[in-house]
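One structure is given below, encoded as structure tokens.
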Amino acid sequence: MKRLSKFFAGLSALAAVAAACAPAATPTPQTIIQTQVVEVPKEVVQTQVVEVVKPAEQTVVRLSGWASSPAETALLESLLYKFSVENPGITVKYEPITGDYKQALLTAIASGTEPDIFYVDIFWWQELAKNDVLMPLDDLMASTGTAKGAFIPSLIEAFTFDGKTYGIPKDFNTLGLFYNKDLFAQAGLDEPTDDWTWDDLKAAASKLSNPANNVYGMGVPADPGRFPIFAFQNGGNIMNADFTDTELDSDATIAAAEFYTGFKADGSGALPSDVGEGWQGTVFGKGQFAMVYEGGWLIPYLKSSFPNINYGVVVPPAGPGGEGNLIFTVAWGMSANTKNSEAAWKVIDFLTSEAAQQQVLESGFALPSRVSLQDSEYLKNNPASAAIFRGALEGAKPFFWGSVGSDVNDQMSKALERIYKEGQSATESFTAGAEEVRNAIANQ
0 MKRLSKFFAG LSALAAVAAA CAPAATPTPQ TIIQTQVVEV PKEVVQTQVV
50 EVVKPAEQTV VRLSGWASSP AETALLESLL YKFSVENPGI TVKYEPITGD
100 YKQALLTAIA SGTEPDIFYV DIFWWQELAK NDVLMPLDDL MASTGTAKGA
150 FIPSLIEAFT FDGKTYGIPK DFNTLGLFYN KDLFAQAGLD EPTDDWTWDD
200 LKAAASKLSN PANNVYGMGV PADPGRFPIF AFQNGGNIMN ADFTDTELDS
250 DATIAAAEFY TGFKADGSGA LPSDVGEGWQ GTVFGKGQFA MVYEGGWLIP
300 YLKSSFPNIN YGVVVPPAGP GGEGNLIFTV AWGMSANTKN SEAAWKVIDF
350 LTSEAAQQQV LESGFALPSR VSLQDSEYLK NNPASAAIFR GALEGAKPFF
400 WGSVGSDVND QMSKALERIY KEGQSATESF TAGAEEVRNA IANQ
């Protein structure tokens, strides 16, 4: 406004100069124009500067596993929530897979859409490692000081291939000898202990059986997830060390099959189907099998379905070849194609940390893979879970038979069924099964 006032004043001055230079004329009334410069205060405009802090860019990590029970899913989701609180810059998208997990995962891998982190099963993970699908984790472990020695040796070694670590075991299970305390008391027998042998097992099964009442001393299903521990305990095996040949027809394994199927042959044992059930865990809960080999998964099942059963658990009795057990485990693996390896490793490292593993332990679903938790208060107060944990420490081998694992399991089941249903000898039946496995190896 001040500049405009000066502009008007200038125009008035020019008019005065022009009048002075004009020729004389008849006087006329004189009009005097007075221009006043007025200072107009400027409008004060205040500008508030607000600093906008953009949130840190989120790194998204996709995580998959097979769909599980609501309770187990809730456990994983609670752990992932805790991770998100501690790591606000990382968003974990949990994408459970229903149906055929392995097939769905392989399809995703083939199309390049696999998640960053996913379950790798002990039974087929080496297929992925051999085809460069999995990322070796050793450098990432070193970056956070995560030592292989922090995990139970048989577990971490189960996911080691060509000297490299391809998976961190998220948890595990072994088999324990579950026994019905009331049936033992009724038979006047002392309860089993960790130092039992095959002889003790056989003698107790004979005294506990009462076929007239559909009660049997021992469950002996045609199950490839149960029989192998007898082979191990007799100094035998299912496959050789490099999985290039089977040992189903070895003398030690055949002798173990004779011992195992002998329970049914002499009436001291039975199959679940003999009493109208599909799983021996249910038969045990009903009090019809006095002893069964099952994993820690039986503990929450009994608690919910048979809360009044009075039972105990010890490690499997040793055989002539010593102790033996099966390890069932799943690891967290990482895609070799992930673009977020550091963030993905943070997730894996958190889920397998001692704190997270303690939560897994207390859930009752599985056992922790961390060695440090073997002396936890929870295990001291829960002897059944403690016995399952101890089963991994001596003579335990992974439930894994190499690239023809499905064929091996199939032939073990068929060999046992031929003995049970057709009366074949263990030698004849297991020799036939071994030949089928060798054919599968040759044709792969």
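According to numbering that gives the first Met the number 0, numbering within the sequence shown proceeds without interruption in unit steps and concludes at 443.
Don't be surprised by glycine CBs; every beta carbon is placed ideally from N, CA and C.
Inset, instruction - Using only alpha-carbon positions, find the residue among W195, A184 and A330 that is nearest to V313. - result: W195
Legend entry - For T192 and S428, the rounded distance between their alpha carbons: 33 Å
Inset, instruction - Pull up the distance between the alpha-carbon of Y310 and that of L127, whole angstroms please. - result: 41 Å
Legend entry - Coil, strand or helix - R369 by DSSP: strand
Inset, instruction - Can you say whether G332 is buried or exposed, counting buried as having 16 or more other CB atoms within 10 angstroms of its CB? - result: buried
Inset, instruction - With DSSP collapsed to three states, give me the class of N474. - result: Coverage of the chain is limited to positions 0 through 443, which leaves residue 474 absent and any answer about it impossible.
Inset, instruction - Under the assumption that F177 contacts L297 (Cβ atoms under 8 Å), give the Cβ distance between them as a whole number of angstroms. - result: Indeed, because the Cβ distance is near 6 Å, the residues count as touching under 8 Å.
Legend entry - Proximal residues to F183 (C-beta, below 6 Å), its chain only, five neighbours per side dropped: E190
Legend entry - Contacts around A24, its chain only, beta-carbon distance under 6 Å, and the 5 residues preceding and following it disregarded: Its pLDDT being 36, under 50, A24 is placed unreliably in this model, and the coordinates cannot settle the point.
Inset, instruction - Answer with buried or exposed for G323, where buried requires no fewer than 16 other C-beta atoms within 10 angstroms of its C-beta. - result: buried
Inset, instruction - Taking M333 as part of the beta strand (DSSP E), name the residues at either end of that continuous run. - result: N324 to M333
Inset, instruction - Taking the CB atoms as reference points, tell me whether G294 and I387 lie closer together than 8 Å. - result: yes
Legend entry - Residue interval of the alpha helix (DSSP H) (run including Y300): It spans L297 to S304 - the alpha helix (DSSP H) in which Y300 sits, taken as one unbroken run.
Legend entry - Distance CB(G284)-CB(S304) smaller than 8 Å: yes
Legend entry - Nearest-angstrom beta carbon gap, L270 and P220 [assumed within contact, 8 Å]: 6 Å
Legend entry - Cβ-based neighbour list, A414, same chain, cut-off 6 Å, excluding 5 preceding and 5 following: S428, F429 and G432
Legend entry - V43 classed as buried or exposed, judged by whether at least 16 other C-beta atoms fall within 10 angstroms: Because V43 carries a pLDDT of 46, less than 50, the predicted location of this residue cannot be relied on, and no value is offered for it.
Legend entry - Segments of 3+ residues assigned as beta strand (DSSP E) that fall wholly inside the segment 98–140: 116–120
Inset, instruction - Would you identify the three-state DSSP class for A317, choosing helix, strand or coil? - result: Note: A317 maps to strand in three-state DSSP.
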